[in-house]
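Going left to right, the sequence shown walks through residues 4 to 167 as my numbering numbers them. Beta carbons are placed, not taken as given, at the ideal position from N, Cα and C, and that holds for glycine. Here's the structure, in structure tokens; my notes come after.
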Amino acid sequence: MATALKNLSVYSKDNIPNGADFKVGIVVSEWNDSITFALLKGAKDTLLENGVPEENILIRYVPGAFELPLGAQLMLDKTDVEGVIVIGVVIQGETKHFDFVCQGATQGIMQVNLEYNSPVSYCLLTDNNMQQSIDRSGGKYGNKGVECAVACMKMIALKRDLEG
């Protein structure tokens, strides 16, 4: 298990850029909201702790994980955010629906990253059961939202650095 030996909420503040002038979007799936809202809290708290002003954090909601790529694309298209954190969870069920949603959402998120030349941080849990999701959204493995907020901030800083 990838996170079995890692707490997703632990990071060194020495390596985080100051987000005082960053504008970050967060697109959150409403499906499995007990999990996604916990991930949102982790992401938003991390942005705030690292200097991103609350008014520079734009949060929007989509019905499910499959809608995350379009939500990110619309946010990059229609607002002035520099990066987007997409938050969702898909839990394995009895059908192949899990595979199609995970694959479609993942490919879509990657496509938006590359086509918009902007960071879209992947906070999509793809777990076998609800307990795994709980463990990764503030449970024993920390909060994936924290990790994705850190990644988004680092990628915004990288893009700015390379653009001069």
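Query: Between G54 and the rest of its own chain, which residues show a CB-CB distance below 7 Å, the 5 nearest in sequence each way excluded?; Result: N21, G22, A23
Query: Look at the alpha carbon of G142 and the alpha carbon of N132, and state the distance between them as a whole number of angstroms.; Result: 14 Å
Query: Look up R63 in the DSSP assignment and give the residues it is bridged to.; Result: V30
Query: Helix, strand or coil for Y125, going by three-state DSSP, please let me know.; Result: strand
Query: Cα separation between V153 and S32?; Result: 20 Å
Query: Counting C-beta neighbours from all protein chains within 10 Å, is the total for K147 16 or more, i.e. buried, or is it exposed?; Result: buried
Query: Give the range of the alpha helix (DSSP H) segment to which V149 is assigned.; Result: 147-166
Query: Hey, how far is the Cα of E166 from the Cα of A108?; Result: 29 Å
Query: Return yes when the Cβ of I29 is within less than 8 Å of the Cβ of I90, no when it is not.; Result: yes
Query: Helix, strand or coil for V104 per DSSP?; Result: helix
Query: Use the C-beta contact count for S15: other C-beta atoms within 10 angstroms, 16 or more gives buried, fewer gives exposed.; Result: exposed
Query: Does the stretch 81-90 touch the stretch 32-51, meaning 3 or more C-beta pairs lie closer than 8 Å?; Result: yes
Query: Relative to the alpha-carbon of W34, which residue among Y125, L71, Q114 has its alpha-carbon at the smallest distance?; Result: L71
Query: Who does I94 pair with in a DSSP beta bridge?; Result: D130
Query: In the structure shown, what three-state DSSP assignment does V13 receive?; Result: coil
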